[in-house]
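S.K.: In full-length UniProt numbering, the protein residues as written are 1 to 521.
Think of the CB as a built atom: it goes at the ideal place given N, C-alpha and C, for glycine as much as any other residue.
One structure follows; several queries about it will come next.
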Ligand code: C2O
């Protein structure tokens, strides 16, 4: 469990820096890597999700992820994108502004990346493969981590197991926060300190200050932390704890780290530091309050290019469901069934070869079906009969989109037991979060309340527990782009789909050809 390695790069002299990461697979299992949040314009070959944009890199093989960072800056990250391997294989990807372009706020004294993660006592590949075989829910993790360190929560009381951020009094630090946990949205706070949010998913936002924030797996957030000029203590605890509405799987873990002021004598123990007051684990209102604060800058320098007209309306139901247990098996899911997860009652089946190659060669037969439903096949209603997600179809289905289609996507959460948010992440695009609410999405009245002026631009948004979220994006990136719940357990159960975007008419609107070292299945 080493601290993740960071990558920093100025979007420097050339406005489009080229990056190339060569991966040599020295493991005994397949792997692939995703550069989470980078749009990979026309270049899905470097996007990374296994069996979507490439076949996995097999043991002993190499692959070069070769790409251009076009016009993006901010905090992103990279992670393995096959099964649950990202539990260990992840790191920050920090793109600094172009040289000479300042932040739209006073320059911080220092910048620090902090990645929240999860740690399991067991081998996570066995955890998930066993869960998939039995149809049960997988074991929850044994600890959360700060930059790979579990802190004093899991019999790790020695200070070398606790992440410590050393600070000076009266300075402003920028924390680049990244939630790389597998399966939990997290609350984060620092005792006696306020955090000012300035960026989300590598897009600047109008600054707002909070004592606690919420961050979903896949999301990144830059916050300014101004240290006290005369601190009341030499050290303060930082803590993360899960936001979850499903008490049955709540594992009651709070992980702590230390904010330590540069003082002559370090505190003898970090165990007794008062923790920040984080909301209760199921405090959905605290989450909704926090989420409602996000606004993009929408300034002359950083305009919000929100599609004002919509070509294509898509409505997805998103949630967990179950499958009947095959007659020759004993299933350990709810009522003897098997867990499944779905979008519009389709549970995604991983293909045997990569979708992007099939798309590039226009050879779809036996690989994918372009008939993913764009309206729910089973009407969903929170207030009517109990939500029914058991009619799950299984298939490798995609939604085809013409180049430059402007899409409005409404995602309605569903739930069969308890309720849970789903952090939906979209590859290849950012989207604008134009509206959200609780209960059933109302297609007549809700659109009238959309924010089409300064909505936040992100790559990952939580479909709220017992609610819905509406996003808009422009399909200006040809290729095949995965969209999925960033809880790995839900991804393993099929909570994903893909958009298949055509080439445009101009030469610079077409997919680039595949690299010669593209792995084979
Ligand atoms: Cu960060 Cu498809 O993932």
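(1) Indicate the three-state DSSP secondary structure (helix, strand or coil) for residue 185 in the structure shown.
(2) Quick test of the definition: if touching needs 3 or more C-beta pairs under 8 Å, does the segment 169 to 188 touch the segment 217 to 224?
(3) According to DSSP, is residue 330 part of a helix, a strand, or is it coil?
(4) Considering residue 131, what are the terminal residues of the alpha helix (DSSP H) in which it resides?
(5) Take residue 18 as the anchor and find which of 33, 38, 194 has the nearest alpha-carbon.
(6) Can you tell me the Cα-Cα spacing of residue 163 and residue 322, whole angstroms?
(7) Please identify the residue among 169, 458, 126, 302 whose C-alpha is closest to the C-alpha of residue 102.
(8) Whose C-beta lies closer than 7 Å to the C-beta of residue 129 among residues of the same chain, with five residues either side of it excluded?
(9) On the criterion of 16 or more Cβ atoms from any shown chain inside 10 Å, does residue 42 qualify as buried, or is it exposed?
(10) For the beta strand (DSSP E) that residue 382 lies in, which residues bound it at each end?
(11) Going by the DSSP bridge assignment, what does residue 212 pair with across the sheet?
(12) Taking only three categories from DSSP, how would you classify residue 467?
(13) With the ligand C2O as the reference, list in chain order each residue whose Cβ lies under 7 Å from any of its heavy atoms.
(14) Is the CB-CB distance between residue 532 and residue 48 below 8 Å?
(15) Relative to the C-alpha of residue 81, which residue among 55, 106, 104 is closest?
(16) Cα-Cα, which of 347, 131, 405 is closest to residue 484?
(17) Helix, strand or coil, according to DSSP, for residue 85 in the structure here?
(18) Does the beta-carbon distance from residue 430 to residue 477 come in below 8 Å?
(19) Which ranges would you report for the beta strand (DSSP E) in the segment 472 to 518 if only whole runs of at least 3 residues count?
(20) Under 7 Å from any heavy atom of the ligand SAH, does the C-beta of residue 479 make it?
(21) Can you tell me which of the three DSSP states residue 359 falls into?
(22) For residue 327 and residue 338, what's the separation of their Cα atoms in angstroms?
(23) Using only the alpha-carbon positions, how far apart do residue 196 and residue 206 sit?
(24) Relative to the alpha-carbon of residue 369, which residue among 393, 409, 230 has its alpha-carbon at the smallest distance?
(25) Taking three-plus beta-carbon pairs below 8 Å as touching, is the segment 90 to 102 in contact with the segment 68 to 75?
(26) I'd like to confirm the pairing. Which residues does DSSP put opposite residue 410 in its beta bridges?
(27) Within 10 Å of its beta-carbon, does residue 506 have 16 or more other beta-carbons around it, so buried, or fewer, so exposed?
(28) Would you mind sorting residue 213 into buried or exposed? The rule is 16 or more other CB atoms within 10 Å of its CB.
(29) Rank 462, 510, 325 by C-alpha distance to the C-alpha of residue 402 and give the top, closest one.
(30) Quick check on residue 335: does DSSP put it in helix, strand or coil?
(31) Could you check what DSSP says for residue 156 in three-state terms: helix, strand or coil?
(32) Along the chain, where does the alpha helix (DSSP H) that runs through residue 287 open and close?
(33) For the beta strand (DSSP E) that contains residue 166, what are its first and last residues?
(34) So the candidates are 490, 479, 487, 224; which of them puts its Cα closest to the Cα of residue 503?
(35) Helix, strand or coil for residue 206 per DSSP?
M.R.: Straight from the coordinates:
(1) As a first step, residue 185 must be located in the chain shown, where it is residue number 185. DSSP, read as helix, strand or coil, puts residue 185 in strand.
(2) Flag = yes, the segment 169 to 188 and the segment 217 to 224 touch.
(3) Residue mapping note: residue 330 aligns to position 330 of the chain shown, counting from 1. DSSP places residue 330 in coil when its eight states are reduced to three.
(4) Position 131 of the chain shown, counted from the start, is the residue given in the question as residue 131. From DSSP, the alpha helix (DSSP H) with residue 131 extends over 124 to 134.
(5) Along the chain shown, read from residue 1 onward, the residue named residue 18 stands at position 18. When only C-alpha atoms are compared, the closest one is 38.
(6) Here residue 163 corresponds to residue number 163 of the chain shown, with the count starting at 1. Here residue 322 corresponds to residue number 322 of the chain shown, with the count starting at 1. One C-alpha to the other measures close to 40 Å.
(7) As a working mapping, residue 102 is identified with position 102 in the chain shown. Closest option to residue 102, judged by alpha-carbon separation, among 169, 458, 126, 302: 302.
(8) Here residue 129 refers to the residue found at position 129 when the chain shown is read from its first residue. Once the five neighbours on either side are set aside, residue 129 has no close Cβ partner at all.
(9) On the chain shown, position 42 is the one that residue 42 refers to. Of the other Cβ atoms in all chains shown, 16 or more fall within 10 Å of the Cβ of residue 42; this residue is therefore buried.
(10) As a first step, residue 382 is located in the chain shown; it is residue number 382 there, counting from the start. First-last for residue 382: undefined, no H or E at that position.
(11) As a working mapping, residue 212 is identified with position 212 in the chain shown. In DSSP, residue 212 forms a bridge with 189.
(12) Your numbering for residue 467 matches position 467 in the chain shown. Of the three classes helix, strand and coil, the one that applies to residue 467 here is strand, per DSSP.
(13) The answer, residue by residue, is 34, 36, 49, 79, 81, 218, 425, 427, 482, 484, 486.
(14) Residue 532 lies beyond the range of the chain shown here (1 to 521); nothing can be said about it.
(15) To locate residue 81, count along the chain shown from 1; it is residue 81. When only C-alpha atoms are compared, the closest one is 55.
(16) Taking the chain shown and counting its residues from 1, one reaches residue 484 at position 484. Nearest C-alpha to residue 484: 347.
(17) Reading the chain shown from its first residue, position 85 is the one you call residue 85. The DSSP-derived three-state label of residue 85 is helix.
(18) In the chain shown, residue 430 corresponds to position 430, counting from 1. In the chain shown, residue 477 corresponds to position 477, counting from 1. No.
(19) List check, beta strand (DSSP E) in window: 479 to 485, 496 to 501.
(20) Summarising the ligand content, the structure contains the ligand C2O and does not contain the ligand SAH.
(21) Sequence index remark: in the chain shown, residue 359 carries index 359 (1-based). Three-state result, residue 359: helix.
(22) For the purposes of this step, residue 327 is taken as the residue at position 327 of the chain shown. For the purposes of this step, residue 338 is taken as the residue at position 338 of the chain shown. Between residue 327 and residue 338, the C-alpha separation is close to 12 Å.
(23) Start at 1 with the first residue of the chain shown, and residue 196 comes out as number 196. Start at 1 with the first residue of the chain shown, and residue 206 comes out as number 206. Rounded to whole angstroms, residue 196 to residue 206 spans 10 Å at the Cα level.
(24) Walking along the chain shown from the start, residue 369 turns up at place 369. Across the set 393, 409, 230, the C-alpha of 393 shows the shortest separation from the C-alpha of residue 369.
(25) Using a Cβ-Cβ distance cut-off of 8 Å, the segment 90 to 102 and the segment 68 to 75 are in contact, since at least three pairs of beta carbons, one from each stretch, lie closer than that value.
(26) As a working mapping, residue 410 is identified with position 410 in the chain shown. Paired residues: 315, 470.
(27) The sequence position of residue 506 within the chain shown is 506, counting from 1. Exposed is the call here.
(28) For the purposes of this step, residue 213 is taken as residue 213 along the chain shown, with counting starting at 1. Residue 213 should be labelled buried.
(29) Position 402 of the chain shown holds residue 402. Considering only alpha carbons, the answer is 510.
(30) Taking the chain shown and counting its residues from 1, the one referred to as residue 335 is at position 335. DSSP places residue 335 in helix when its eight states are reduced to three.
(31) Numbered from its first residue, the chain shown carries residue 156 at position 156. Confidence at residue 156 is low in this model, with a pLDDT of 45, below 50, so the placement of that residue should be treated as unreliable; the coordinate-derived value is given next. Coil at residue 156, not helix or strand.
(32) Along the chain shown, one-based indexing puts residue 287 at 287. Its alpha helix (DSSP H) spans residues 284 to 291.
(33) Position 166 of the chain shown holds residue 166. Element bounds for residue 166: 164 to 167.
(34) Within the chain shown, the letter at position 503 stands for residue 503. Selection 490, 479, 487, 224 evaluated against residue 503 yields 479 as nearest (Cα-Cα).
(35) On the chain shown, residue 206 is found 206 positions in, with the first residue counted as 1. Note: residue 206 maps to strand in three-state DSSP.
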